[in-house]
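Each remark here refers to the structure printed beneath this line.
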Amino acid sequence: MGRAGAAAVGVAAIAGASPAAAQSRCSDLWYQRNEIYARNGYCFNTERGRAAFGRGCFPPYGRLTGWEKRRVADIQNEENYLGCR
4 MGRAGAAAVG
14 VAAIAGASPA
24 AAQSRCSDLW
34 YQRNEIYARN
44 GYCFNTERGR
54 AAFGRGCFPP
64 YGRLTGWEKR
74 RVADIQNEEN
84 YLGCR
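Right, dumping it as structure tokens:
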């Protein structure tokens, strides 16, 4: 099963889960998505982002590679599906 198939199975499993499980998954997805930006020197402006990843910014200031852009898009799609905020 490919990455997209595995993600779809994960989303299907969460879709029928309790609100607490969905919220936990949303938190995990938020962290995974922002960790990609943090590795690339993104300057976080929110309290939550700064608390998790600090205030340090460095080149390339959040610029992502093709693979990273695709991964972020996959994460955002799952966040949207789950109704994450």
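According to our numbering, numbering within the sequence shown proceeds without interruption in unit steps and concludes at 88.
Virtual Cβ for every residue (Gly too), placed ideally from N, Cα, C.
- For Cys29, the enclosing alpha helix (DSSP H) begins and ends at Pro22 to Arg42.
- Exclusion of the five residues before and after Tyr45 leaves Gly65 as the residues of its chain whose Cβ lies within less than 6 Å of its Cβ.
- Using a 10 angstroms sphere on the CB of Asn83, the tally of other CB atoms stays under 16, which defines it as exposed.
- Judged by DSSP in its simplified three-state form, Arg88 adopts coil rather than helix or strand.
- In the structure shown, the three-state DSSP call for Gly69 is helix.
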